[in-house]
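Here the working numbering runs 145 ahead of the position in the sequence shown, where the first position is 1.
Note sheet for the following structure.
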Amino acid sequence: MGHLDHAAYGWLTPVLSYVMACIGAALGLRCTVRALAATGHSRRNWLITAASAIGTGIWTMHFVAMLGFHVTGTEIHYNVPLTILSLIVAMLVVGAGVFAVGYGKNRGRALVLGGLTTGLGVASMHYLGMAALRLHGVVTYDPLAVGLSVAIAVVAATAALWAALNIKSPLAVAVASLVMGAAVSSMHYTGMMAVAVRVTPSAAALPGATAMQFIFPLAVGLGSYLFITSAFVALSPTADERAASASARTLGATAPAP
146 MGHLDHAAYG
156 WLTPVLSYVM
166 ACIGAALGLR
176 CTVRALAATG
186 HSRRNWLITA
196 ASAIGTGIWT
206 MHFVAMLGFH
216 VTGTEIHYNV
226 PLTILSLIVA
236 MLVVGAGVFA
246 VGYGKNRGRA
256 LVLGGLTTGL
266 GVASMHYLGM
276 AALRLHGVVT
286 YDPLAVGLSV
296 AIAVVAATAA
306 LWAALNIKSP
316 LAVAVASLVM
326 GAAVSSMHYT
336 GMMAVAVRVT
346 PSAAALPGAT
356 AMQFIFPLAV
366 GLGSYLFITS
376 AFVALSPTAD
386 ERAASASART
396 LGATAPAP
């Protein structure tokens with residue numbers, strides 16, 4: 146068995162991956178809060194933004210953490226199409242959960258359905274990303290740890306959607322995002338604890354791209370997307386602010402001329 150190191154760069158990758166998960170969660174929650182206060186195309190657009198933010202945050206968390214994953218005795222490469230597919234899966238399943246909550250008539254049923262769908266999708270993203278690994282050896286999993294990681298994903302997703310429905314203030318959203326970031330990170334590292342690698346030494350070249358060739362630039366790009374979108378959301382007026390502005394314009398228009 147090859148020795149697995151989940152934090153080859155010390156605390157750098159676990160902390161940075163946690164930060165990315167928290168940013169994605171915070172942005173997704175704020176967008177969902179905006180969506181629930183909106184109607185029509187505006188609600189749809191906010192929900193799409195929420196799904197892309199949460200999905201991107203989860204995917205970036207996973208692969209930033211994977212930058213610190215090393216196996217003694219073999220290089221690690223990544224299958225590019227599978228890695229991109231894992232990102233698409235993350236966004237689509239989170240989108241399904243967010244839209245279930247955003248448009249569901251029965252909030253309780255929508256929460257359960259959305260949490261289950263999103264949680265299973267997050268777990269699928271994780272293990273699809275792991276399936277993209279290319280190394281000299283065989284990767285196996287402990288079924289109990291895998292099951293626990295899936296359960297954590299479902300609970301974390303359900304809690305995230307519940308927070309989107311019930312938490313409105315920026316401070317509460319910030320606290321919920323820290324908790325959600327911890328839950329997503331816990332799911333990842335629980336899943337990684339399930340991994341064992343039987344190394345087969347070989348001089349043959351591995352297919353795919355290295356983490357620094359592909360994962361790192363893509364993670365930087367997605368991280369930039371999260372920061373830019375966060376700035377856009379922070380500068381966009383809320384429904385209350387728009388209502389107050391409209392009310393002020395109405396009062397100004399109806400006020401008698403001096």
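The beta-carbon is built from N, C-alpha and C at its ideal position, and this holds for glycine as well.
Owing to the predicted nature of the structure, the values given are computational and were not obtained by experimental measurement.
{"query": "If the criterion is Cβ atoms closer than 8 Å, does the pair residue 177 and residue 309 meet it?", "result": "yes"}
{"query": "Using alpha carbons as the reference points, say which of 331, 345, 338, 335 lies closest to residue 166.", "result": "331"}
{"query": "Taking contact to mean 3 or more Cβ pairs, one atom from each stretch, closer than 8 Å, check whether the region 219-237 and the region 197-211 are in contact.", "result": "yes"}
{"query": "Please classify residue 163 as buried or exposed, where buried requires at least 16 other C-beta atoms within 10 Å of its C-beta.", "result": "buried"}
{"query": "Is residue 391 helix, strand or coil by DSSP?", "result": "Reliability fails at residue 391, whose pLDDT of 48 lies under 50, so the model's placement of it is uncertain and no value is given."}
{"query": "For residue 333, which of helix, strand or coil comes out of DSSP?", "result": "helix"}
{"query": "Taking residue 208 as the reference, give the member of 251, 223, 187, 168 with the closest Cα.", "result": "223"}
{"query": "Hey, out of 348, 301, 275, 273, whose CA is closest to residue 257's CA?", "result": "301"}
{"query": "What do you get for residue 356, buried or exposed, if any count of 16 or more other CB atoms within 10 angstroms of its CB means buried?", "result": "buried"}
{"query": "Can you tell me which of the three DSSP states residue 263 falls into?", "result": "helix"}
{"query": "Helix, strand or coil for residue 154 per DSSP?", "result": "coil"}
{"query": "What are the partner residues of residue 343, as DSSP defines its beta bridges?", "result": "283"}
{"query": "State the start and end residues of the unbroken beta strand (DSSP E) segment that holds residue 233.", "result": "Where residue 233 is concerned, there is no enclosing beta strand (DSSP E), although the alpha helix (DSSP H) it sits in stretches over 225-248."}
{"query": "What does the Cβ neighbour count give for residue 159, buried or exposed, with the cut at 16 atoms within 10 Å?", "result": "buried"}
{"query": "Please identify the residue among 311, 319, 243, 255 whose C-alpha is closest to the C-alpha of residue 190.", "result": "243"}
{"query": "Which full runs of the alpha helix (DSSP H) of 4+ residues lie inside the region 173-218, going along the chain?", "result": "185-211"}
{"query": "Out of 227, 228, 287, 259, state which residue places its alpha-carbon closest to the alpha-carbon of residue 340.", "result": "287"}
{"query": "Can you grab the Cα-Cα spacing for the pair residue 193 / residue 381, in whole Å?", "result": "16 Å"}
{"query": "Are residue 320 and residue 216 closer than 8 Å when you measure CB to CB?", "result": "no"}
{"query": "Compute the Euclidean distance between the alpha carbons of residue 270 and residue 200, then round it to the nearest angstrom.", "result": "10 Å"}
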